[in-house]
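The structure appears below as structure tokens.
Numbering (our numbering), first residue to last: -19 to 104.
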């Protein structure tokens, strides 16, 4: 009985510690658009050049349009990672960096779509 309890305890520890290290994908598809892991709408910026490997939205721009952080995520095409001017990693879709909009406050908000005709919801 004691040996069974020890084996069960070891197996449970392995399962729970593996779950703790599991990563949440930084973006997913929901209702025909891309959203971040919290379900917030994701946008692209027309001034970013696809496959350039960088974002043109920095400083005050990034305060209004926070980058979708890539962290250490391992991404497969059509997703990739760009390195921002500050060295942080940002998720890109089809080579274009992805952003959130600070004015979106709840899941389903899309208030950033077509702002100044250069910000767009990512439709898939």
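We treat Cβ as the ideally placed atom computed from N, Cα and C, and that holds for glycine. Given the structure is predicted, the values throughout are model-derived calculations rather than measurements.
- Judged by pairs of C-beta atoms under 8 Å, the region 64 to 83 touches the region 15 to 30, as three or more such pairs exist.
- If the five residues before and after residue 92 are omitted, its C-beta is found closer than 6 Å to the C-beta atoms of 23, 81, 99, all from its own chain and listed in chain order.
- Leaving aside the five residues that flank residue 5 on each side, the residues in its chain whose CB is nearer than 8 Å to its CB run, in chain order, 17, 53.
- Of 95, 89, 42, the smallest CA-CA separation from residue 14 is found for 89.
- If you draw a straight line from the Cα of residue 103 to the Cα of residue 39, it is about 26 Å long.
- Here residue 71 is not near residue 29, since their CB atoms are 7 Å or more apart.
- In terms of Cα proximity to residue 47, the closest of 68, 55, 59 is 68.
- When only Cα atoms are considered, residue 58 and residue 73 end up about 6 Å apart.
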